[in-house]
Amino acid sequence: MHNKTLAEQSRALAAGDISSEELTRAYLDRIRDLDSTYNSYITVTEDLAMNQARNADMLRAEGKATPLTGIPLAQKDIFCTEGVKTSCGSKMLDNFIAPYESTVTRNFNDAGAVMLGKTNMDEFAMGSSNESSYYGIVRNPWNPEMIPGGSSGGAAACIAARLAAGATGTDTGGSIRQPASMCGITGIKPTYGRVSRWGMIAFASSLDQAGPMTRTAEDAAMMLNVMAGFDPKDSTCVNREVPDYTADLTRPLDGLRIGLPKEYFAAGLDSRVEAIIRDAVREYEKLGATVKEVSLPSSDLAVAAYYVIAPAEASSNLSRFDGVRFGYRCEDPQDLEDLYKRSRSEGFGGEVKRRILVGTYALSAGYYDAYYLKAQKIRRLIKDDFTRAFQDVDVIMGPTAPAPAFPIGDKTDDPVAMYLSDIYTIATNLAGLPGMTIPAGFVDGLPVGLQLTGNYFDESRLLNIAHRFQMATDWHAQAPAGL
1 MHNKTLAEQS RALAAGDISS EELTRAYLDR IRDLDSTYNS YITVTEDLAM NQARNADMLR
61 AEGKATPLTG IPLAQKDIFC TEGVKTSCGS KMLDNFIAPY ESTVTRNFND AGAVMLGKTN
121 MDEFAMGSSN ESSYYGIVRN PWNPEMIPGG SSGGAAACIA ARLAAGATGT DTGGSIRQPA
181 SMCGITGIKP TYGRVSRWGM IAFASSLDQA GPMTRTAEDA AMMLNVMAGF DPKDSTCVNR
241 EVPDYTADLT RPLDGLRIGL PKEYFAAGLD SRVEAIIRDA VREYEKLGAT VKEVSLPSSD
301 LAVAAYYVIA PAEASSNLSR FDGVRFGYRC EDPQDLEDLY KRSRSEGFGG EVKRRILVGT
361 YALSAGYYDA YYLKAQKIRR LIKDDFTRAF QDVDVIMGPT APAPAFPIGD KTDDPVAMYL
421 SDIYTIATNL AGLPGMTIPA GFVDGLPVGL QLTGNYFDES RLLNIAHRFQ MATDWHAQAP
481 AGL
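The structure is reproduced here in C-alpha cells:
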C-alpha cells in the first residue's frame, strides 16, 4: 500500500480495502526499518499516530470522513504541534514543546489526517542541502551519498522513500521546489498569503509560504484543499475564496501558452538538465500547448537581492531566541549580557549565525539604504518582469535547479555555491507568485524537476498543467531501487 499515491490510498480507505490503523502501522514499521539510512524524521509520533488512525476509522464508520481522513502524513518540524517537540532543526529549540497548534497542522487534524511525525530540515529553514540540521544530515533515497535538497529535505526524502503519503514543507527561496526536484517528487509553493503562516516558525516573514509535498499533482491538490484558506490570526493571509483544487485537474491544455525565460537557459545550467527540460516542454506541445521565449531581465539579481532581504528579516525574527523565554539557555551565565551572547552562540548553528550577521549588517545605520532598500527596489523590478511576461503567457517553465543533487559535503565550505542552488526558484518568492516542481527525468540516476511558475492565485491552473503531464508520462511513478 505504501507504493500507492495519497489519492489511491484515500480511495482504498473509502472502499474499505484497508483501515487507517493498518495503513498507519505499515508506515510506522517502514520508518523504524528504513529511516536510520535517510534520517528524514526528527520525531516519530507513534502513539499519537495510532490514536489518530483509530479515530479516523471511527469517523469513517460514522460516515464523517473527508478525503484525507486516515491518511498518514508528515509535518515539517517548523510547524508548531501542541504537545510535540517543534525544533526547527536547531539546538536552540531542542527542548521546545509547542503549547499550541499551527493553523496548517490544525487544518489537517480537523480533516482527520494522521501525523506520523516531524521531518528533518535545515536549521530554521536556512539552507539548500539539509546539511545544517542539529539532528544530522538527511540523505537522498535515490543515492544516500547525495543531498536531498533543502530546507524541506526531510519531507522530500520521506516521500521519496515511501515513509509518508505526503508531507508539508515551507518555501522561502525554493525550499519546497528544490528538494522536490532532487528527490523526484511533486511540490507546490502557493501564492504568498494563500496559506496561513500562524504557528509556522518564521525565517523571512515576507517570503515564507507553506505548501504540500507529494508524489503527484493530484495528491498535492488534495492536500492544498486542506491547507489553503483565510486565517484571521495571520495578518498576511489573504481573505479570498478557496477553489476545489481537484476540480479542474483533467482540463485539456489546448491553447496553453508556455513561456521559456531566456535567462534560465544560459551559462551555469547543466546541459543534461536543459535537455530534460526541453524534452518536457516538447511533451506539452504534444498536449496542445504553444511555446514562446520570454525575458526576465532582472532575474540575475534575484540571488543577491534575496540574500540581503531574507537575512535581514531573519535577524529580526530570530532576535526572540535569547535564552530568556523559551528554548536553549547557556549554563551559569555571569550576567544578562553573557546569557544573551552564550545562549545564542551555543544554540545557533553556523549558517544561522552567518545569516543573522549579514542581516543585521544590512539593516544597520549607514547601510540600510545601500543594501536593504536597494534590494527591495530590485524585488519590485523582478515582480514587474513577471507581470509583463504574464501578459503574453499563461505559465513560465524552466529548470528547478541548475544540476541534480550533489554529493554530501561538496558545497559546505562554499556558501555562495550553495546559495546558487536556488538561482531559478528565488525570484518566485520575491514576487510572491505560486511555483511548482514536477519530476521530468533523470541524470546519472538522479531526479530532475521541471519548474512551473504561475500568475497570482493560479494554483488550480498549475496543478492542472502538472497533472496532465503526469497523465502522459511516468517520471512521477519512478521509485528508488528497493523501495
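For what it's worth, full-length UniProt numbering labels the leading residue of the sequence shown as 1, then goes sequentially.
C-beta atoms are modelled at their ideal positions from N, C-alpha and C, and glycine is treated no differently.
Item, Value
"Who are the Cβ neighbours of Tyr-27 in its own chain at under 7 Å, not counting the five residues just before and after it?", "His-2, Pro-72, Leu-116, Leu-163 and Ala-164"
"Decide if Ile-97 is buried, meaning its Cβ has at least 16 other Cβ atoms within 10 Å, or exposed.", "exposed"
"Which first and last residues belong to the alpha helix (DSSP H) in which Pro-399 is found?", "Careful: Pro-399 lies outside any alpha helix (DSSP H), inside the beta strand (DSSP E) at 395 to 399."
"Rounded to the nearest angstrom, what separates Ile-18 and Ala-53 at their Cα positions?", "12 Å"
"Assuming Gly-347 is part of the alpha helix (DSSP H), what are its boundary residues?", "336 to 347"
"Measuring CA to CA, which of Pro-212, Asn-120 and Gly-70 is closest to Val-104?", "Pro-212"
"Thr-387: which of Leu-430, Gly-409, Glu-331 and Cys-237 sits nearest, CA to CA?", "Leu-430"
"Quick check on Arg-257: does DSSP put it in helix, strand or coil?", "strand"
"Which two residues bound the contiguous alpha helix (DSSP H) that contains Ala-7?", "6 to 15"
"Per DSSP, what kind of secondary structure is Met-146 in: helix, strand or coil?", "strand"
"Considering only C-alpha positions, which residue in the set Met-50, Thr-81, Gln-478 and Glu-131 is nearest to Ser-151?", "Glu-131"
"Measure the beta-carbon distance from Val-242 to Ala-228 and round it to whole angstroms, keeping in mind my assumption that it falls under 8 Å.", "5 Å"
"Just confirm the distance between the C-beta atoms of Thr-453 and Leu-433, as a whole number of angstroms; I'd bet it's less than 8 Å.", "6 Å"
"Does DSSP classify Glu-285 as helix, strand or coil?", "helix"
"Does DSSP put Thr-437 in a helix, in a strand, or in coil?", "strand"
"According to the Cβ coordinates, are Ile-309 and Ala-204 closer than 8 Å?", "yes"
"Tell me whether Gly-63 is buried or exposed, calling it buried when 16 or more other Cβ atoms sit within 10 Å of its Cβ.", "exposed"
"By Cβ distance below 7 Å, which residues in the same chain neighbour Arg-342 in space, the five residues on each side in sequence not counted?", "Cys-330 and Pro-333"
"Whole angstroms are fine: how far does the CA of Ile-31 sit from the CA of Asn-225?", "27 Å"
"Distance, Cα to Cα, Phe-469 vs Leu-260?", "17 Å"
"Can you give me the C-alpha to C-alpha distance between Asp-444 and Ile-276, rounded to a whole angstrom?", "12 Å"
"Start and end of the beta strand (DSSP E) containing Gln-451?", "446 to 454"
"On the CB-based measure, 16 or more other CB atoms within 10 Å of its CB, does Gln-391 come out buried or exposed?", "exposed"
"Helix or strand or just coil, what does DSSP make of Lys-262?", "helix"
"Using beta-carbon positions only, say whether Ile-78 and Met-200 come within less than 8 Å of one another.", "yes"
"Please name the residue or residues paired with Val-291 in a DSSP beta bridge.", "Ile-258"
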